[in-house]
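Peer 1:
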Amino acid sequence: MNNIQNDTAKPLAWYQRAWQSDVCWSFRHTPIAMLSALVFLILVSMAIFAPWVAPHQPFDPSTLNLMDGFSPPMESAIGSGNVYWLGADDQGRDIFSTILYGMRLSLFIGVAAVFLAASLGVTLGLIAGYAGGWVDTIIMRIADIQLTFPSILVALLIFGVARGLTPPELRDQMAVWVLIFSIGLSDWVQFARTVRSSTMVEANKDYVQAARLIGRPRHVILRKHLLPNVMGPVLVIATISLALAIIAEATLSFLGVGAPPTKPSLGTLIRTGQDYLFSGEWWIILFPAMTLLLLALSVNLLGDWLRDVLNPKLR
Amino acid sequence: MVQNMSRALVEVQGLGKRFDVSSPWLNRVLAREPKRYLSAVESVDFVIEKGTTFALVGESGSGKSTIAKMLVGLMPPSTGRVVIDGVDLMQADALEQNQLRRRIQMIFQDPYASLNPRWRIDEIIGEPVLAFEPEISRRDRSRRVAELLEQVGLSATDAHRYPHEFSGGQRQRIGIARALASKPELIVCDEPTSALDVSVQAQVLNLMRDLQTELGLTYLFITHDLSVVRYMADAIGVLYLGSLVESAPASSLFDTPQHPYTRMLLEAAPRLDGFGRQHQPPAGEIPDPINRPSGCFYHPRCPFVTPKCAQEQPLQRSMGQAQVACHEVERLPVYHPGQVIEPSVSN
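As given, the protein sequences belong to chains X and Z, one line each in that order. So for the first sequence, the working numbering puts the first residue at 352; every next one is plus one. So for the second sequence, the working numbering puts the first residue at 20; every next one is plus one.
(1) Can you check whether the C-beta of L661 of chain X is within less than 7 Å of a C-beta belonging to chain Z?
(2) On the premise that G438 of chain X lies in contact with N416 of chain X, defined as a C-beta separation below 8 Å, what is that separation, rounded to the nearest angstrom?
(3) Candidates X:S630, X:W656, X:W403 and X:I598: which alpha carbon is nearest P712 of chain X's?
(4) Would you say H576 of chain X lies against chain Z (beta-carbon separation less than 7 Å)?
(5) Considering Cα atoms alone, identify which of Z:L284, Z:R190, Z:P319 and Z:P279 is closest to D244 of chain Z.
(6) Which ranges would you report for the beta strand (DSSP E) in the segment 62 to 99 of chain Z if only whole runs of at least 3 residues count?
(7) Could you run through the segment 218 to 244 of chain Z and flag, in chain order, every residue whose CB is less than 9 Å away from some CB of chain X?
(8) Against chain Z, does L564 of chain X count as a neighbour if the rule is that its beta carbon must be under 7 Å from one of theirs?
(9) For M525 of chain X, which residues from the same chain have a beta carbon less than 7 Å from its beta carbon, with the 5 sequence-adjacent residues on both sides left out?
(10) Check each candidate in X:I534, X:A513 and X:S422 and name the one with the smallest Cα separation from V465 of chain X.
(11) To which residues of the same chain is A647 of chain X closer than 7 Å at the C-beta, ignoring the five residues directly before and after it?
(12) At a Cβ threshold of 7 Å, is R567 of chain X touching chain Z?
(13) Assuming K556 of chain X and A27 of chain Z form a contact by the criterion Cβ under 8 Å, report the distance between their Cβ atoms to the nearest whole angstrom.
(14) Would you list the one or two residues that DSSP bridges to P268 of chain Z?
(15) Is H380 of chain X buried or exposed, if buried means 16 or more other CB atoms sit within 10 Å of its CB?
(16) Helix or strand or just coil, what does DSSP make of E30 of chain Z?
(17) I'd like to know whether the C-beta atoms of T590 of chain X and L657 of chain X end up nearer to each other than 7 Å.
(18) Closer than 8 Å by beta-carbon distance: list the chain Z residues that pair up with D557 of chain X, in chain order.
(19) I'd like to know whether the C-beta of P579 of chain X is nearer than 7 Å to at least one C-beta of chain Z.
(20) Can you confirm whether A150 of chain Z, when its beta carbon is compared against all beta carbons of chain X, has any partner nearer than 7 Å?
(21) Identify each residue in the segment 88 to 104 of chain Z for which the Cβ-Cβ distance to at least one residue of chain X is less than 7 Å, and report them in chain order.
(22) Is F316 of chain Z helix, strand or coil by DSSP?
(23) Sorted by chain position, which residues of the same chain lie with C-beta nearer than 8 Å to I383 of chain X's C-beta, five sequence neighbours on each side aside?
(24) Going residue by residue through the segment 316 to 354 of chain Z, where are the continuous beta strand (DSSP E) segments of at least 3 residues, counting only ones entirely within it?
(25) Give a yes or no on whether the minimum CB-CB distance between P43 of chain Z and chain X is below 7 Å.
(26) Out of curiosity, what's the CA-to-CA distance linking E553 of chain X and R137 of chain Z?
(27) Spell out whether any CB of chain X is found under 7 Å from the CB atom of N46 of chain Z.
(28) Assuming Q442 of chain X is part of the beta strand (DSSP E), what are its boundary residues?
(29) Taking CB distances under 7 Å as the criterion, tell me whether P312 of chain Z reaches chain X.
(30) Apart from the five residues on each side of it in sequence, which residues of its chain come closer than 8 Å, Cβ to Cβ, to S97 of chain Z?
(31) Using DSSP's beta-bridge definition, name the partner residues of R37 of chain Z.
(32) In the structure shown, what three-state DSSP assignment does M425 of chain X receive?
(33) Please report the straight-line C-alpha distance between R100 of chain Z and R120 of chain Z, rounded to a whole angstrom.
(34) Excluding sequence positions up to five away, which residues of its chain have a Cβ less than 7 Å from the Cβ of T275 of chain Z?
(35) Report yes or no: do the segment 39 to 57 of chain Z and the segment 189 to 199 of chain Z share at least 3 C-beta pairs separated by less than 8 Å?
(36) Helix, strand or coil: how does DSSP classify M109 of chain Z here?
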């Protein structure tokens with residue numbers, strides 16, 4: 352029986368199997384997915400390699416020339432004669448470089464917040480779905496209550512409380528971590544709900560019974576048996592949540608409660624640029640806003656595509 | 020029963036399971052409903068002797084799987100006890116429980132749900148070894164897995180594959196290998212062949228019989244398929260609505276079924292010599308286990324019903340080699356296969 356199998360189907364190398372997988376086939380046949388993946392990859396690699404890509408070091412005051420302030424895109428500046436591709440802001444900082452560093456921070460906060468939200472949501476969802484009873488009731492009621500508030504409001508609330516608790520001299524340093532904490536905490540519900548429902552389905556399957564039968568401890572069943580089988584939808588939600596987290600971070604920063612101007616994210620850049628919109632220096636706000644748009648859109652389109660491929664029922 | 024005590028591996032005494040099926044607390048208070056219970060299993064007694072196969076047969080909803088779950092300790096019984104080799108599973112302390120668990124294993128119905136799809140075969144089969152003998156080295160464990168795979172008729176090279184690469188019958192063999200991994204004495208088989216093709220069923224059943232003779236295993240075999248029972252079982256218990264209506268050695272049950280329900284089951288089973296045979300379709304449906312009939316649960320469907328049957332629940336009584344729960348069993352006509360049963364009392 353098995354010899355026949357071995358003869359007909361030569362085992363494929365992992366990259367061959369990956370190339371032939373459904374996900375990859377769908378990727379190669381969805382132009383939108385390929386385009387958004389390309390845009391996302393370019394943006395992410397520019398952000399990661401910002402110190403090497405950026406023509407200027409925008410947060411080193413010694414390299415700044417105040418006379419270059421408000422220099423328009425592609426024109427040589429009055430002070431130094433440098434050409435700033437996307438213009439310069441009021442301090443004479445290169446917009447292109449600030450965008451790269453800002454995107455770096457935005458992406459970091461977004462990824463970290465989604466990581467926090469996913470770990471929290473997956474853990475609580477697994478526990479609620481497997482334990483059932485009053486544990487399930489308590490966790491899911493908390494989730495329901497949190498869902499009745501808009502998540503940006505929850506994030507604002509948590510941000511305010513957490514900021515109030517940090518000592519004033521540490522506030523600017525801690526701002527990034529407080530942001531991650533508040534966005535992550537406002538976004539765990541979706542993970543918990545999805546994981547809970549798939550856990551309830553999986554926990555009734557016989558392979559879990561078999562593990563219980565031989566007396567495997569509960570945490571082993573949860574981690575080794577259930578977790579790998581409920582992670583499929585989590586990947587999809589995480590991708591879509593990444594776009595939401597980046598936007599939430601930008602919103603908080605735009606409202607002035609997020610990343611400080613000394614260490615700006617895309618949201619902070621948009622907020623500072625907004626002051627000059629009516630005085631004609633449009634490039635200070637336009638380019639950060641466009642970058643945010645491209646970033647969020649490409650992540651979102653990737654997430655939508657992934658959802659359609661991995662779970663046709665969710666459509 | 021008493022004289023067999025020394026050889027009995029499993030003793031089930033007055034086993035019962037009640038499920039709370041009431042609506043949620045608030046709805047119940049608002050609608051002034053009482054609590055409602057479903058008796059899935061009620062006062063079931065049987066003994067399984069070492070090295071034999073005891074089959075539980077019954078329709079769906081008769082409590083077969085509930086008994087299996089209570090027997091292996093996945094579900095605590097509401098009443099009664101399960102005694103394995105003299106130890107009550109629910110009373111045992113953690114150490115005793117762990118030792119008992121090792122000796123009881125289970126083969127599941129659906130080979131597609133009983134293997135973790137994200138685990139390799141060697142991890143699946145090796146898990147019981149890891150659980151009960153954590154001191155065993157990784158290399159010895161994979162050697163054990165290879166032995167087990169060959170024992171169930173697969174190849175040792177299959178260890179690095181995933182469950183989706185196997186057919187239903189092969190998966191069931193993997194499930195059997197996992198059950199054997201902890202060197203058990205008792206294996207509870209919950210409809211192990213009902214999800215398989217008929218041709219594969221025979222292979223799996225033969226494998227299970229060979230393993231029984233080779234390893235001296237004791238089986239509790241749960242099924243609704245009488246031809247499987249005839250092939251596998253040494254003794255049979257017939258379940259109806261959570262209670263045993265008849266338990267008897269296999270030969271006596273098939274030749275001289277006593278309880279009217281057992282007779283009906285045998286009549287309803289397809290047979291090779293059944294062409295042109297007059298056939299009495301089973302009367303009625305299995306009743307709602309929440310509102311069970313009074314007296315004998317079978318009386319609304321029974322062709323031999325008497326007024327007493329509707330009032331009094333029959334106790335088990337000996338009839339030849341069988342234990343039968345029927346008031347009228349002494350007065351029933353002798354069973355002839357294929358006979359058409361006329362109701363003796365009209366109601």
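Note that the Cβ used here is the ideal one computed from N, Cα and C, for glycine as well. These figures come from a predicted structure and were not determined experimentally.
Peer 2: With the given structure in hand:
(1) The count along the first sequence starts at 1 and reaches residue 661 of chain X at position 310. For L661 of chain X, the nearest beta carbon of chain Z is not closer than 7 Å to its own beta carbon.
(2) Working through the first sequence from its first residue, we reach residue 416 of chain X at position 65. Working through the first sequence from its first residue, we reach residue 438 of chain X at position 87. The beta-carbon separation of N416 of chain X and G438 of chain X, rounded to 14 Å, does not stay under the 8 Å limit for a contact.
(3) Nothing in the structure corresponds to residue 712 of chain X, since chain X is present only between 352 and 666.
(4) Taking the first residue of the first sequence as 1, we reach residue 576 of chain X at position 225. The C-beta of H576 of chain X comes closer than 7 Å to at least one C-beta of chain Z.
(5) Looking up residue 244 of chain Z in the second sequence gives position 225. Comparing Cα positions, the closest option is Z:L284.
(6) Runs found: 72 to 76.
(7) Residues of the segment 218 to 244 of chain Z with a Cβ closer than 9 Å to any Cβ of chain X: none.
(8) The residue given as residue 564 of chain X occupies position 213 in the first sequence. Chain Z, which has a Cβ nearer than 7 Å to the Cβ of L564 of chain X, makes this yes.
(9) Taking the first sequence and counting its residues from 1, the one referred to as residue 525 of chain X is at position 174. Correct list, in chain order: T517.
(10) By one-based count along the first sequence, residue 465 of chain X stands at place 114. Measuring from the Cα of V465 of chain X, the nearest candidate turns out to be X:I534.
(11) Your numbering for residue 647 of chain X matches position 296 in the first sequence. Only A594, I597 and I598 meet the Cβ criterion.
(12) Stepping through the first sequence from its first residue, residue 567 of chain X is reached at position 216. R567 of chain X counts as touching chain Z.
(13) Residue numbering aside, residue 556 of chain X sits at position 205 when the first sequence is read from its first letter. Residue numbering aside, residue 27 of chain Z sits at position 8 when the second sequence is read from its first letter. In fact, because the Cβ distance is near 33 Å, the residues do not count as touching under 8 Å.
(14) Walking along the second sequence from the start, residue 268 of chain Z turns up at place 249. Beta-bridge analysis with DSSP links P268 of chain Z to Z:A254.
(15) To locate residue 380 of chain X, count along the first sequence from 1; it is residue 29. Under this definition H380 of chain X is an exposed residue.
(16) Residue numbering aside, residue 30 of chain Z sits at position 11 when the second sequence is read from its first letter. Strand, per DSSP.
(17) By 1-based counting over the first sequence, the position of residue 590 of chain X is 239. By 1-based counting over the first sequence, the position of residue 657 of chain X is 306. Yes, the Cβ-Cβ distance between T590 of chain X and L657 of chain X is below 7 Å.
(18) By 1-based counting over the first sequence, the position of residue 557 of chain X is 206. What D557 of chain X touches in chain Z: F127, Q128, D129, A132 and S133.
(19) Within the first sequence, the letter at position 228 stands for residue 579 of chain X. Interface annotation, P579 of chain X: in contact with chain Z, CB-CB separation under 7 Å.
(20) In the second sequence, counting from the first residue as 1, residue 150 of chain Z sits at position 131. Flagged as an interface residue toward chain X: A150 of chain Z, by a C-beta distance shorter than 7 Å.
(21) Flagged, chain order: V91 and L93.
(22) Here residue 316 of chain Z is taken as the residue at index 297 of the second sequence, counted from 1. DSSP, read as helix, strand or coil, puts F316 of chain Z in coil.
(23) The residue given as residue 383 of chain X occupies position 32 in the first sequence. The beta carbon of I383 of chain X lies closer than 8 Å to those of L652 and W656 in the same chain, with the five residues before and after it left out.
(24) Fully enclosed beta strand (DSSP E) runs of 3 or longer: 335 to 338 and 341 to 344.
(25) By 1-based counting over the second sequence, the position of residue 43 of chain Z is 24. Cβ-Cβ to chain X under 7 Å: no for P43 of chain Z.
(26) Along the first sequence, one-based indexing puts residue 553 of chain X at 202. Along the second sequence, one-based indexing puts residue 137 of chain Z at 118. CA-to-CA, the gap between E553 of chain X and R137 of chain Z works out to about 12 Å.
(27) Reading the second sequence from its first residue, position 27 is the one you call residue 46 of chain Z. The C-beta of N46 of chain Z comes no closer than 7 Å to any C-beta of chain X.
(28) Counting from one through the first sequence, the residue named residue 442 of chain X turns up at place 91. Taken as a continuous stretch (DSSP letters only), Q442 of chain X belongs to no beta strand (DSSP E), as it is neither H nor E.
(29) Within the second sequence, the letter at position 293 stands for residue 312 of chain Z. For P312 of chain Z, the answer is no, since every Cβ of chain X falls outside 7 Å of its Cβ.
(30) Residue numbering aside, residue 97 of chain Z sits at position 78 when the second sequence is read from its first letter. Within the same chain, and ignoring the five residues on either side of S97 of chain Z in sequence, the residues whose Cβ sits closer than 8 Å to its Cβ are G35, K36 and R37.
(31) If you number the second sequence from 1, residue 37 of chain Z lands on position 18. According to DSSP, R37 of chain Z shares a beta bridge with Z:S58.
(32) For the purposes of this step, residue 425 of chain X is taken as residue 74 along the first sequence, with counting starting at 1. For M425 of chain X, the secondary structure class from DSSP, reduced to helix, strand or coil, is coil.
(33) By one-based count along the second sequence, residue 100 of chain Z stands at place 81. By one-based count along the second sequence, residue 120 of chain Z stands at place 101. Straight through space, the alpha carbons of R120 of chain Z and R100 of chain Z are spaced by roughly 16 Å.
(34) Position 256 of the second sequence, counted from the start, is the residue given in the question as residue 275 of chain Z. Excluding sequence neighbours, T275 of chain Z sits near G339 and Y354.
(35) Fewer than three pairs of CB atoms, one per stretch, sit closer than 8 Å, so the segment 39 to 57 of chain Z makes no contact with the segment 189 to 199 of chain Z.
(36) Position 90 of the second sequence holds residue 109 of chain Z. Secondary structure of M109 of chain Z (DSSP, three-state): coil.
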